[in-house]
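> Structure provided below as structure tokens; questions to follow.
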């Protein structure tokens, strides 16, 4: 596994801080607890 930030096609592999914040806000707003848990597990790992 490499520590590259971009794929061979030039696409970013990771979210920016702003994108991650929006993702987490959306996850926290979801009505289903299992969806919130799954999304936040992804965000924090």
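Numbering (this note's numbering), first residue to last: 69 to 113. All C-beta atoms, glycine included, are put in the ideal place defined by N, C-alpha and C.
Mapping DSSP to helix, strand and coil, what is residue 90?
Helix at residue 90.
> What is the rounded straight-line gap between the Cα of residue 99 and the Cα of residue 73?
Between residue 99 and residue 73, the C-alpha separation is close to 33 Å.
> Under the three-state reduction of DSSP, which class applies to residue 80: helix, strand or coil?
Of the three classes helix, strand and coil, the one that applies to residue 80 here is strand, per DSSP.
> For my contact list, residue 97 and residue 108 are in at a C-beta cut-off of 8 Å; report their separation, rounded to the angstrom.
Residue 97 to residue 108, Cβ: 12 Å. No contact.
> Could you give the residue range of the alpha helix (DSSP H) that holds residue 100?
Unbroken run through residue 100: none, as it is neither H nor E.
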